[in-house]
Amino acid sequence: MNENDSVQKFILWLTAPICVLLAIAAGSGVFIKWLYRDAPGLVAQAIGQDLVSLVVVLPVLIITAILARRGSVRARLIWLGGIAYLVYTYTSFAFAIKYNPLFLVYIALLGCSLYALISGLATLNLVGGKACFAGTTPTRAVSIFIVVLASLFYFLWLS
């Protein structure tokens with residue numbers, strides 16, 4: 548087994564506990580109405596994030612982990628994006644949502660996701676990723692979009 552095989556196997560096995568924790572946390576948030584005891588706006592946001600996590604992120608993580616295990620660079624990048632979403636989401640759940648019975652699930656999910664993100668980024672083959680997108684990806688348009696979006700959020704938070 549070479550290093551790449553062990554990394555791909557690691558991704559697949561690390562996804563399993565993350566997906567189980569995500570199903571518990573997001574499923575409970577969507578289906579248990581009394582779980583969140585925050586302001587109505589924050590409750591709506593938390594339920595919305597749970598719904599997106601359950602309907603979009605959970606299946607994407609499962610599918611991309613399987614495809615990444617088979618060697619797909621694009622799937623691995625999408626998997627990393629899903630993991631980054633979980634780090635962002637469950638950081639806010641761990642620190643912004645009032646304590647509830649799922650607090651330890653949020654912490655475990657945050658810890659596993661952060662570990663997966665750091666490990667995934669540290670073992671990413673940048674040369675192979677660049678070759679995967681050579682010539683056909685609109686990198687300039689995507690770069691401009693990201694800078695504009697970041698600038699808009701900058702002004703939103705300053706207002």
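In this text, residue positions in the sequence shown follow the numbering used here: the first is 548, and each later residue adds one. Cβ atoms here follow ideal geometry from the backbone N, Cα and C, with glycine treated the same way.
Subject >> Residues near residue 563 by beta carbon distance below 6 Å, same chain, minus five either side >> reply: Taking the first residue of the sequence shown as 1, we reach residue 563 at position 16. Excluding sequence neighbours, residue 563 sits near nothing in its chain.
**OP:** Tell me whether residue 626 is buried or exposed, calling it buried when 16 or more other Cβ atoms sit within 10 Å of its Cβ.
**Re:** Position 79 of the sequence shown, counted from the first residue, corresponds to residue 626. The residue in question, residue 626, is buried, as its Cβ has 16 or more Cβ neighbours within 10 Å.
Original post:
Between residue 608 and residue 659, is the Cβ-Cβ spacing less than 8 Å?
Top reply: If you number the sequence shown from 1, residue 608 lands on position 61. If you number the sequence shown from 1, residue 659 lands on position 112. Not a contact, by the Cβ cut-off of 8 Å.
Original post:
What is the residue span of the alpha helix (DSSP H) that residue 682 lies within?
Top reply: If you number the sequence shown from 1, residue 682 lands on position 135. Element bounds for residue 682: n/a, residue is neither H nor E.
Original post:
Got a sec? Which residues, its chain only, sit under 8 Å from residue 702 by beta carbon, not counting five neighbours each side?
Top reply: Position 155 of the sequence shown, counted from the start, is the residue given in the question as residue 702. Closer than 8 Å at Cβ, skipping near neighbours: no residue.
Original post:
Rounded to the nearest angstrom, how far is the Cβ of residue 501 from that of residue 558, given a contact under 8 Å?
Top reply: This structure cannot speak to residue 501, because the chain is shown only from 548 to 706.
Subject >> Burial state of residue 507, where buried means 16 or more other Cβ atoms lie within 10 Å >> reply: Since the first and last residues shown for the chain are 548 and 706, residue 507 lies out of range.
Subject >> Buried or exposed (CB count within 10 angstroms, at least 16 for buried), residue 623 >> reply: Along the sequence shown, one-based indexing puts residue 623 at 76. Counting Cβ neighbours within 10 Å, residue 623 comes out buried, since at least 16 surround it.
Original post:
If we count the other Cβ atoms within 10 Å of its Cβ and call it buried at 16 or more, is residue 582 buried or exposed?
Top reply: Position 35 of the sequence shown, counted from the first residue, corresponds to residue 582. Label assigned to residue 582: buried.
Subject >> Through-space distance from residue 665 to residue 601, alpha-carbon basis >> reply: Position 54 of the sequence shown, counted from the start, is the residue given in the question as residue 601. Position 118 of the sequence shown, counted from the start, is the residue given in the question as residue 665. Distance between the alpha carbons of residue 601 and residue 665: 23 Å.
Original post:
If we ignore side chains and look at the alpha-carbon of each, how far apart do residue 652 and residue 578 end up?
Top reply: Here residue 652 is taken as the residue at index 105 of the sequence shown, counted from 1. Here residue 578 is taken as the residue at index 31 of the sequence shown, counted from 1. So the alpha carbons of these two residues sit roughly 16 Å apart.
Original post:
Alpha carbon to alpha carbon, what distance is there between residue 628 and residue 593?
Top reply: As a position in the sequence shown, residue 593 is number 46, starting the count at 1. As a position in the sequence shown, residue 628 is number 81, starting the count at 1. Rounded to whole angstroms, residue 593 to residue 628 spans 20 Å at the Cα level.
Original post:
Where does the unbroken alpha helix (DSSP H) through residue 616 begin, and where does it stop?
Top reply: The residue given as residue 616 occupies position 69 in the sequence shown. First-last of the alpha helix (DSSP H) with residue 616: 605-616.
**OP:** Identify whether residue 593 lies in helix, strand or coil by the three-state DSSP scheme.
**Re:** Start at 1 with the first residue of the sequence shown, and residue 593 comes out as number 46. In this structure, residue 593 counts as helix in the three-state DSSP scheme.
Original post:
Starting from residue 662 and walking both ways along the alpha helix (DSSP H), at which residues does that stretch end?
Top reply: Within the sequence shown, the letter at position 115 stands for residue 662. That run of the alpha helix (DSSP H) goes 650-669.
Original post:
Would residue 659 count as contacting chain D if we go by Cβ distances under 8 Å?
Top reply: In summary, chain D is missing from the structure at hand, where a single protein chain is found.
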